[in-house]
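Engineer: Using my numbering, read the sequence shown as starting at 581 and increasing by one per residue.
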Amino acid sequence: MANKRDNLAIVGLQWGDEGKGKIIDFLGKDFDINARFQGGPNAGHTVIRNKKKFVFHQIPAGIMNRNITGLVGAGCVLDPQVFLIELADVEKADPRVRKRLKLSKFTHLIFPYHKIIDKLREEKKGDERIGTTQRGIGPVYEDKYGRVGIRLGELLDEDRFRKKFKASLSYKNFLLMELYQSEPLDEKKVFEEYLAFGENVRDMVVDDAYYLNQEMEKGKRVLFEGAQGTFLDIDYGTYPFVTSSHTVAGGVAVGLGVAPFKVEKVLGVAKAYVTRVGAGPFPTELEGDAVESLRKKGGEFGATTGRPRRCGHFDIPLVRYGAMLNGVKEIALTKLDILDGERTVKIGKEYAGTDHFDPMSVDKAQPTYVELPGWTGPTTDVGDFSKLGVNARKYVEKIEELSGLKVSMISVGGETEAMIVR
Ligand code: IMP
Ligand code: MG
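In structure tokens:
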């Protein structure tokens, strides 16, 4: 694991839902700031503490650690409605949590039209659909890169916001009516709602880069939180079946305004098997009854949308390529306990003679497998690696051998404490 004072980035090495939320919550006690650098309410980071489950979509997942200040960076997108609901939930646990939350003034805002267009466009696409979370992610990032987006800081200046919003809404209403044969949005209602949101969060709004660099200068230690997963990255993922942001560790620098070398260490999170929600290639995907059983055991339903996740075997070329993209040498292996009771466990070793995961042609990949005997378990509550059953240990060691990566943490249950640290 990281040296005591290193800044650390946590990224997913698969297609999201690797269990990053729990790892961040677990490690959060040793950090001062937990900063998200990309994505928005498409994420669903689950944290379970004392049997109470929190699903974070917008707020950094380490926030339950009282020592942590949560920061939502410029590379993120923010949905005010989702944020406020989540904030209210967290405030029940810590009424003073607002004091520990900062939002970048540069963060682009999700408006109702982004969500409506995301949904209508997916419906229109039929079989070609990406299977987005319909949270408006694609449309809001399009506006950002099209240089017509509206940023959180702009809400704090009523005249400026009114002008930009009017222009934006008249164009979006035109699209909604003419292209999608849908209802236009009420200008006054949306304007007032967002203006009120700006007032509500005014005290949390910062220049994230300035804030973060100053704090680091003072010696504060930062945990950078990735959302989604490496293969949903806009450039290096399985395009077009990806999200609209940079999910790889390189995204930290641009998403938070910090120099790349400030990301001193990157920990990859990989689930002991693989899941994917939405469309797109998945070489080691399982079919038939096997999926049903794993999905049920692992509770593999989307934390954001409730959709059933596709499930498959651990994939070595995928994780190796992901580790390369992120500079990962160590991984946290999650949900090992879900494989308890499997008769055998398979690991995708290579793709018909090559170990190169090529995101552009991976739809044609033919994985070959190694098969190992399963274990009966339970693996939860063992505490120490040496106390894991021999076959469970062999599975972990085989992953290390084939991937060339060290498995430094193993998560064996939903609760924060269900963790083996090596
Ligand atoms: P979008 O990010 O909502 O545009 O969705 C694009 C693709 O990324 C879809 O396949 C989604 O299911 C997937 N996706 C987005 N966010 C997450 C996540 O947090 N976990 C897993 N999959 C995600
Ligand atoms: Mg998730």
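Every residue gets a Cβ at the ideal spot worked out from N, C-alpha and C, and that includes glycine.
#1: Quick one, are the C-beta atoms of A641 and E805 less than 8 Å apart?
#2: Measuring only the C-alpha atoms, how far is K685 from P953?
#3: Less than 8 Å between C-beta atoms, sequence neighbours within five positions excluded: which residues of the same chain meet that for R782?
#4: Does the distance from the C-beta atom of M644 to that of V662 stay below 8 Å?
#5: Once you ignore the five residues that flank F611 on each side, which residues in its own chain have a CB closer than 6 Å to its CB?
#6: Using a strict less-than 5 Å threshold between each residue's beta carbon and the heavy atoms of ligand 2, what residues do you get?
#7: Sorted by chain position, which residues of the same chain lie with C-beta nearer than 7 Å to F606's C-beta, five sequence neighbours on each side aside?
#8: A668 to H936, Cα distance in whole Å?
#9: Output needed for W955: all residues of its chain with C-beta closer than 6 Å, excluding positions within five of it in sequence on either side, in chain order.
#10: According to DSSP, is K941 helix, strand or coil?
#11: Of all the beta strand (DSSP E) runs that stay within the bounds of the segment 610 to 674, which reach a length of 3 or more residues?
#12: Leaving out the 5 sequence neighbours to the left and right, which residues in its chain are closer than 6 Å to V987 when beta-carbon positions are compared?
#13: Roughly how many angstroms lie between the CA atoms of V992 and A789, to the nearest whole one?
#14: S684 lies in the beta strand (DSSP E); which residues open and close that run?
#15: Please name the residue in V942, F811, I990, Y949 whose C-alpha comes closest to that of F965.
#16: Between E772, R680, D698, which has its C-alpha nearest T823's C-alpha?
#17: Just to check, is the beta-carbon of V728 closer than 7 Å to a non-hydrogen atom of ligand 1?
#18: Measuring CB to CB, does R1002 end up less than 8 Å from W595?
#19: Would you say the beta carbon of T687 comes nearer than 7 Å to a heavy atom of ligand 1?
#20: Check the C-beta distance from A654 over to A807 and give it rounded, since I have them as a contact under 8 Å.
#21: Could you check if Q808 belongs to the surroundings of ligand 1, using beta carbon to heavy atom distance under 7 Å?
#22: DSSP state of A850, grouped into three classes?
#23: Is the beta carbon of Y819 closer than 8 Å to that of T810?
#24: So, for R887: in the same chain, excluding its five sequence neighbours on each side, which residues have a beta-carbon less than 6 Å away from its beta-carbon?
#25: Does any heavy atom of ligand 1 sit closer than 7 Å to the C-beta of S873?
Structural biologist: Working from what's here:
#1: In the sequence shown, residue 641 corresponds to position 61, counting from 1. In the sequence shown, residue 805 corresponds to position 225, counting from 1. In this structure, E805 lies closer than 8 Å to A641 by Cβ.
#2: If you number the sequence shown from 1, residue 685 lands on position 105. If you number the sequence shown from 1, residue 953 lands on position 373. If you take the alpha carbons of K685 and P953, they lie about 53 Å apart.
#3: For the purposes of this step, residue 782 is taken as residue 202 along the sequence shown, with counting starting at 1. L736, listed in sequence order.
#4: Position 64 of the sequence shown, counted from the first residue, corresponds to residue 644. Position 82 of the sequence shown, counted from the first residue, corresponds to residue 662. No. Outside cutoff.
#5: Walking along the sequence shown from the start, residue 611 turns up at place 31. Exclusion of the five residues before and after F611 leaves R801, L803 as the residues of its chain whose Cβ lies within less than 6 Å of its Cβ.
#6: Qualifying residues, in the order they occur: D597, G624, A883.
#7: Indexing the sequence shown from 1 puts residue 606 at position 26. Result list for F606: T996, M999, in chain order.
#8: Start at 1 with the first residue of the sequence shown, and residue 668 comes out as number 88. Start at 1 with the first residue of the sequence shown, and residue 936 comes out as number 356. For the pair A668 and H936, the Cα-to-Cα distance works out to about 46 Å.
#9: The residue given as residue 955 occupies position 375 in the sequence shown. In chain order, G969, N971, A972 place their CB closer than 6 Å to the CB of W955, counting only its own chain and leaving out the 5 sequence neighbours on each side.
#10: Translated into positions along the sequence shown, residue 941 becomes position 361. Per the sequence shown, the amino acid found at residue 941 is Ser instead of Lys. DSSP places S941 in coil when its eight states are reduced to three.
#11: Runs of the beta strand (DSSP E) inside the segment 610 to 674: 613 to 616, 625 to 629, 632 to 636, 649 to 652.
#12: Here residue 987 corresponds to residue number 407 of the sequence shown, with the count starting at 1. Non-local C-beta neighbours of V987 in its own chain, meaning closer than 6 Å and more than five positions away in sequence, comprise I911, L913, V976, E980, ordered along the chain.
#13: Along the sequence shown, read from residue 1 onward, the residue named residue 992 stands at position 412. Along the sequence shown, read from residue 1 onward, the residue named residue 789 stands at position 209. C-alpha separation (whole angstroms): 36 Å.
#14: Along the sequence shown, read from residue 1 onward, the residue named residue 684 stands at position 104. DSSP places S684 inside the beta strand (DSSP E), whose first and last residues are 681 to 684.
#15: Locating residue 965 in the sequence shown gives position 385, where the first residue counts as 1. The residue from V942, F811, I990, Y949 with its alpha-carbon nearest to that of F965 is I990.
#16: Locating residue 823 in the sequence shown gives position 243, where the first residue counts as 1. Comparing alpha carbon positions, the residue from E772, R680, D698 closest to T823 is D698.
#17: Stepping through the sequence shown from its first residue, residue 728 is reached at position 148. Flag unset: Cβ of V728 not near ligand 1.
#18: Residue mapping note: residue 1002 aligns to position 422 of the sequence shown, counting from 1. Residue mapping note: residue 595 aligns to position 15 of the sequence shown, counting from 1. Not a contact, by the Cβ cut-off of 8 Å.
#19: Position 107 of the sequence shown, counted from the first residue, corresponds to residue 687. No, the Cβ of T687 stays beyond 7 Å of every heavy atom of ligand 1.
#20: Working through the sequence shown from its first residue, we reach residue 654 at position 74. Working through the sequence shown from its first residue, we reach residue 807 at position 227. Between A654 and A807 a beta carbon distance of about 14 Å is seen, past the 8 Å cut, so the two are scored as non-contacting.
#21: Here residue 808 refers to the residue found at position 228 when the sequence shown is read from its first residue. It does: the Cβ of Q808 is within 7 Å (strictly closer) of some heavy atom of ligand 1.
#22: Numbered from its first residue, the sequence shown carries residue 850 at position 270. Three-state DSSP puts A850 in a strand.
#23: To locate residue 810, count along the sequence shown from 1; it is residue 230. To locate residue 819, count along the sequence shown from 1; it is residue 239. Remark: C-beta atoms of T810 and Y819 do not approach each other more closely than 8 Å.
#24: What you label residue 887 is simply residue 307 of the sequence shown in a count that begins at 1. Excluding the 5 residues flanking it on each side, R887 has same chain C-beta neighbours closer than 6 Å at V857, in chain order.
#25: For the purposes of this step, residue 873 is identified with residue 293 of the sequence shown, where counting begins at 1. Checking the Cβ of S873 against ligand 1 gives no.
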